Amino acid sequence: MKLELLGKVHEVAENSSVGDLLKNIDPENFKKYLAVRLEDGTLCDLFAPIEKSQKVEALTFQEEAGRKVFFHSASHLMAMAVKKLFPETKLAIGPAIENGFYYDFDREEAFTAEDLEKIEKEMKSLVGKSIRPIRFTLSRHEAIAQMKQAGEPYKVELIEDLPEDEPLSFYQMDDFLDLCVGPHLPNLSYIKAFKLTQLAGAYWRGSEKNKMLRRIYGTAYPTKEELAAHLDRIEDAKRRDHNKIGRELEYFTTVDYIGQGLPILLPKGAKVIQILERFVEDEEERRGYQLTKTPFMAKRDMYKISGHWDHYRDGMFIMGNADDEEAEVFALRPMTCPFQFQVYLNRTRSYRDLPMRLNETSKLFRNESSGEMHGLIRVRQFTISEGHLACTPEQVEGEFRGCVELAQYFLKLLGLDGDVSYRFSKWDENNKDKYIGNPQDWENSQNEMRRILDDIGIQYTEAEGEAAFYGPKLDIQIKNVHGKEDTMITVQIDFQLAERFGMVYTDKDGEKKFPIVLHRTSIGCYERTLALLLEKYAGALPTWLSPTQVRVMTITERSDAFAKEVEAALKQAGLRAECDLRNEKIGFKVREAQMEKIPYMLVIGDREAEERTVTVRNRKGDNVGTMPFEQAVALVKKANDEKVID
RNA sequence: GCUGAUGUAGCUCAGGCGGUAGAGCACUUCCUUGGUAAGGAAGAGGUCAUGGGUUCGAGUCCCAUCAUCAGCUCCA
């Protein structure tokens with residue numbers, strides 16, 4: 009039998025393993041190899057016998073697949089420790105995730121921080137035992153019997169849901185047995201460094217209808233240094249958390265008696281959002297959008313037409329008794345669509361009116377469940393650049409493309425274009441109640457959208473069950489510092505609501521037709537976008553977005569008058585400037601401005617005041633130079649006008 | 001909504017086993033200093049998240065509520 013490995017073909021005995029081969033050809037690096045990828049892409053243990061000649065790949069911690077094996081074994085190691093310390097615990101599942109692993113357990117009592125320490129200690133002692141995971145397979149029947157005997161109801165449930173004919177693989181690690189497809193490390197002693205990072209609850213099989221299990225998250229590395237570096241990276245990310253720096257730098261705050269998800273935007277946060285809103289409205293006007301201003305609420309009658317009453321009621325704030333059919337009941341708007349449609353409906357429309365592009369800087373209200381709020385990223389009242397485009401079928405592709413281009417234009421300006429991914433969000437065929445319209449319409453609109461996406465040529469992933477209730481979406485996704493992904497921008501194709509609202513146009517042929525409606529945001533929700541910007545720039549927003557762009561500071565009172573003059577010149581140029589005339593040491597003033605992430609500092613002493621110059625420093629602390637003050641004003645003005653990412 | 005943690009001055013945190021609140025930084029005033037981070041003096045700041053309960057007495061113990069954080073679920 010021949011195995012091709014590391015670029016060479018080796019003659020080996022029948023059924024020998026890659027591990028055996030590596031021991032011969034690369035003995036000094038042998039311990040680096042964790043598992044094997046076969047020619048057909050399947051993974052197996054390092055010492056699994058290979059059945060036929062083929063090209064194989066030995067996976068190390070450097071490859072994602074190798075890391076996953078490492079994390080997965082670490083997860084089992086943790087489960088072993090838990091079972092040793094708390095034998096009554098029932099096992100659910102324990103997969104590898106992006107930067108570590110978790111295992112879900114069912115146990116009456118919650119684990120405590122002290123328990124985690126105990127578990128880590130037990131894991132250490134297990135690592136010392138040099139346990140070699142042993143794989144074997146059982147028939148479905150035997151497997152169920154085995155797991156029933158072991159008292160593992162979740163495992164039994166898992167097996168019952170697996171295909172009938174598949175033999176089930178198990179791993180024996182010391183006295184610990186687990187149902188598992190593998191592969192696993194050749195030896196648990198490879199797991200030299202690990203840390204249990206957090207405790208959490210998680211629903212069995214991800215459904216809130218099921219029991220909540222106890223989840224323990226952890227991470228593991230081959231060396232202590234790599235683990236320490238990883239933990240440092242996490243700490244670093246947390247320092248960028250908008251929820252921390254946004255409060256520290258006074259962009260926003262919350263008040264317990266106002267309520268969850270209702271942040272107060274402080275002057276700095278409000279300023280950034282104002283800059284963005286004005287900019288977006290102006291840019292959209294240039295691109296043929298018409299601004300609307302529509303009500304924040306409507307009677308229930310409207311939501312019945314739009315479908316919100318039946319499909320989105322839980323997400324709305326309702327005023328009045330919703331159960332009383334006679335009463336006048338209002339609800340705050342969770343979306344702008346039905347309101348903006350009224351603009352279209354204001355008079356008869358012809359194909360000549362299309363495409364009609366409407367935009368609105370819109371306040372929306374959504375009654376999110378209490379545990380879902382997060383800083384400025386997930387709130388109950390937010391402001392979104394929302395727009396609706398009514399167009400003919402021929403215009404859909406061009407208009408859709410225009411929406412995507414506009415979104416990409418804003419992303420690039422914000423410097424976030426490299427941080428997003430695209431998701432094609434489809435409906436869930438098995439959960440039709442969540443949506444309006446018939447399957448054929450959904451099929452058509454999804455195919456149309458996929459065709460356009462492929463035409464535009466953007467890379468995207470597909471996601472079932474993520475569509476809006478009225479149509480499929482292109483979602484532009486972004487991750488926060490904790491690695492949690494959220495939708496930033498969305499463009500949707502809607503073949504349904506026009507008909508519901510009786511929106512028609514007279515076509516060239518004199519026929520009445522329903523327009524296709526695109527729902528879109530261009531920059532997303534301003535609060536969320538601000539949060540992402542704060543995280544992206546660790547609070548040091550690009551000059552054009554900084555609430556304060558320049559601070560003029562003096563060394564002695566003798567230069568105060570000139571400083572005020574410079575400040576006035578900056579303001580005259582349309583820049584956001586302020587003076588720091590306090591009687592403080594200049595080093596202290598500079599440092600304070602740096603901590604506030606102010607982009608430019610203009611320092612003025614006797615010499616500068618006499619020469620009518622300023623010494624310019626940027627927020628990194630670099631001395632940009634001493635120059636006539638007009639030149640300094642022009643310098644900042646340039647950074648502002650060119651919207652440079654600095 | 002669920003699981004868990006947390007809540008003391010603007011911020012970061014101390015406050016054994018219940019006896020009416022403390023530090024550093026920040027803030028205010030004055031003095032001093034004056035070119036790259038905090039020199040001196042004085043002062044002001046707290047219904048200890050809120051509401052109940054136990055107790056002669058609660059920041060401390062118990063219960064409930066609210067908020068904040070992480071995760072799950074859900075979503076822009």
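Take the first sequence: its letter number 335 is residue 343 in the working numbering, and every next letter is one higher. Every residue, glycine too, gets a C-beta built ideally from N, C-alpha and C. Since the structure is predicted, the reported quantities are computational estimates derived from the model, not experimental observations.
Considering only the alpha carbon of each residue, which of the options lies closest to residue i?
i, options, result
"E616", "N375, I58, F596, E638", "E638"
"K520", "T68, P103, T400", "T400"
"A548", "D182, D249, V44, L187", "D249"
"K92", "L221, D183, G27", "D183"
"E71", "E19, A43, I101", "A43"
"G613", "G406, T621, R627", "T621"
"A475", "D462, I531, D502, H490", "D502"
"L372", "E380, G379, R388", "R388"
"K137", "E165, G379, Y198, I167", "Y198"
"L187", "Q154, E12, E376, A647", "Q154"
"I466", "D425, Q448, H490, E437", "D425"
"K98", "H382, M86, R115", "R115"
"D561", "I281, L542, R599", "Contrary to the premise, residue 561 reads as Met rather than Asp in this sequence. The candidate whose alpha carbon is nearest that of M561 is R599."
"C587", "M603, L221, Q557", "Q557"
"A21", "K31, D318, P57, I152", "P57"
"E470", "F477, D483, D463", "D483"
"K200", "N446, K132, A158", "K132"
"V77", "E47, Y41, V90", "Y41"
"H192", "L204, T205, S177, F202", "S177"
"I152", "R566, F144, L166, K651", "L166"
Quick one: grab the DSSP three-state call for residue i.
i, result
"Y41", "coil"
"V652", "coil"
"A548", "coil"
"L221", "strand"
"S25", "strand"
"Y111", "strand"
"D630", "coil"
"G485", "This sequence places Gln at residue 485; Gly is not what is there. Note: Q485 maps to strand in three-state DSSP."
"C52", "strand"
"F596", "helix"
"S197", "helix"
"G491", "coil"
"C587", "strand"
"L11", "strand"
"I33", "helix"
"T623", "strand"
"Y534", "helix"
"R431", "strand"
"V644", "helix"
"G479", "strand"
"M603", "helix"
"Q557", "coil"
"R143", "strand"
"K60", "coil"
Terminal residues of the continuous alpha helix (DSSP H) containing residue i?
i, result
"F79", "72-93"
"A121", "121-135"
"R615", "614-619"
"E573", "568-580"
"K16", "No alpha helix (DSSP H) holds K16; the beta strand (DSSP E) holding it covers 16-19."
"R508", "505-509"
"V164", "161-169"
For the putative contact between residue i and residue j, defined by C-beta atoms under 8 Å, what is the C-beta separation to the nearest angstrom?
i, j, result
"K434", "P480", "6 Å"
"L235", "L196", "Rounded, the Cβ-Cβ distance is 16 Å, inconsistent with contact."
"I444", "Q500", "Contact doesn't hold; Cβ gap of about 13 Å is too wide."
"F509", "L353", "7 Å"
"R675", "G296", "Since the displayed the chain opens at 9 and closes at 654, residue 675 lies outside it and no answer follows."
"N5", "G395", "With the chain represented from 9 up to 654, any question about residue 5 goes unanswered, as that position is not in the structure."
"L221", "F113", "6 Å"
"H84", "Y179", "7 Å"
Between which two residues does the beta strand (DSSP E) harbouring residue i extend?
i, result
"D182", "Premise fails: D182 is in no beta strand (DSSP E) and is neither H nor E."
"A208", "201-211"
"R148", "No beta strand (DSSP E) holds R148; the alpha helix (DSSP H) holding it covers 148-157."
"L67", "65-67"
"A335", "Looking at the DSSP string, A335 is not in any beta strand (DSSP E), and its letter there is neither H nor E."
"M343", "M343 -> no beta strand (DSSP E), and no H or E assigned at all."
Whole alpha helix (DSSP H) elements within the segment 248-309, 4-residue minimum: 250-256, 275-294
Any alpha helix (DSSP H) of 4 or more consecutive residues that is wholly inside the segment 441-469: 447-464
Ranges of the beta strand (DSSP E) found wholly within the segment 349-413, counting only runs of at least 3: 364-373, 389-399
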